[in-house]
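What follows is a single structure, written as structure tokens, with notes after it.
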Amino acid sequence: MQQPLPTAADVDAAAMRLAGIVLHTPLVTSPVLDALTGGRIFLKAETLQRTGSFKFRGAYNKLSSIPPDERSRGVVAYSSGNHAQGVAAAAQLLGMPAVIVMPADAPRPKRERTAALGAEVVLYDRAREDRQAIAQDIAAQRHAALVPPYDDPLIIAGQGTAGREIVDDLAAQRLLPDAVVVTASGGGLTAGIALAVKARVPQARLYTAEPEGFDDHARSFRSGRREKNVALTGTICDA
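In the working numbering, the protein residues as written are 90 to 328.
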């Protein structure tokens, strides 16, 4: 059954759910970027978030929405690192068992940090195996909740709280964003920030930024149909 699309109200509800749990990360400035662009550039420092990325926001929003009487069944997620740690940390805080399906070639520190947060790590071969299928099988066997990395209304709403903070922090300086540039992979962060920003500043422009070789958003917009990235394309980006 198709889930309802998230709304700006869902982002507001997520902000209340995450209050006192997630860190309200700062907007930092860069004189170098200002000089290069001729504008005022603010960077949302989500590297200072719990587990080092925005992924904790969506993970905690999703897990905390699971009814208490179902939490003992646990959760299952699939990720190469950031979503893995976000889910593991959220599960630990909520006292829930977690299984994370990770590629065997994921950076060892990420695998170790995920396990250190109490999650059971299941490794797979990304060249020959389907991580989503593996996670779905485990979830079915254990009657656990599956926690997707991006295509879930609660995940999107949780990530959108970062956009809410951006608008609030700029408003405190009597500023409005002219444009917001969001790093894009699965699109969960982009969708959430779009909901939060457009609800408060409708005239703001929204852009996604992608690494070369993983520019499926740009190619999809150009072609008018959904495009996929070539498997195992090289990049210096580490998610």
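Where is the CB? At the ideal position from N, CA and C, for every residue including glycine. These figures come from a predicted structure and were not determined experimentally.
- Exclusion of the five residues before and after GLU316 leaves ASP305, ARG308 and SER309 as the residues of its chain whose Cβ lies within less than 6 Å of its Cβ.
- Within the model, the alpha-carbon separation for GLN248 versus ILE255 is close to 12 Å.
- Between SER168 and MET191 the beta-carbon gap is near 6 Å, inside 8 Å, which marks them as a contact.
- For ILE110, no beta strand (DSSP E) run applies, since DSSP gives it neither H nor E.
- For GLU209, the enclosing beta strand (DSSP E) covers residues 209-213.
- DSSP places LYS287 inside the alpha helix (DSSP H), whose first and last residues are 277-289.
- The Cβ neighbour count for SER274, taken over all protein chains shown within 10 Å, is at least 16; the residue is labelled buried.
- Only residues of its own chain outside the window of five on either side were considered, and among them LEU112, THR114 and PRO115 have a CB closer than 8 Å to the CB of LEU137, listed in chain order.
- In this structure, VAL236 keeps its C-beta atom at 9 Å or more from the C-beta atom of LEU125.
- Burial check for ALA216: the Cβ neighbour count within 10 Å stays below 16, so the residue is exposed.
- For ARG294, the uninterrupted beta strand (DSSP E) run begins and ends at 294-298, by DSSP.
- For ALA187, the enclosing beta strand (DSSP E) stretches over residues 187-192.
- Inter-segment contact for the region 143-150 and the region 91-109 is present: three or more beta-carbon pairs are separated by less than 8 Å.
- Restricting attention to THR140, ASP123 and ARG289, the CA atom closest to the CA of ALA260 is found in ARG289.
- Taking C-beta separations shorter than 7 Å and ignoring five residues to either side along the sequence, the partners of ALA177 in its chain run ALA187, ILE189, THR203, LEU206, GLY207 and ALA208, following chain order.
- Around PRO242, the same chain offers GLN92 and PRO95 as residues with beta carbons nearer than 6 Å, after the five sequence neighbours per side are excluded.
- In the DSSP assignment, VAL121 is bridged to no other residue.
- Residue nearest to ALA180 within the set VAL270, ALA234, GLU218 and LYS133 is ALA234 (criterion: CA-CA distance).
- Taken in chain order, the unbroken stretches of beta strand (DSSP E) that lie wholly in the region 230-275 and span 3 residues or more are 234-236 and 268-272.
- Cβ contact annotation for ALA193 (same chain, cutoff 8 Å, sequence separation greater than five): LEU212, TYR213, ASP214 and ARG215, in chain order.
- DSSP, reduced to helix, strand and coil, places ALA134 outside both helices and strands of the structure shown, so it counts as coil.
- In the three-state reduction of the DSSP assignment, VAL165 falls in the strand class, which pools E and B.
- At the C-beta level, ALA246 and GLY281 come within 9 Å of one another.
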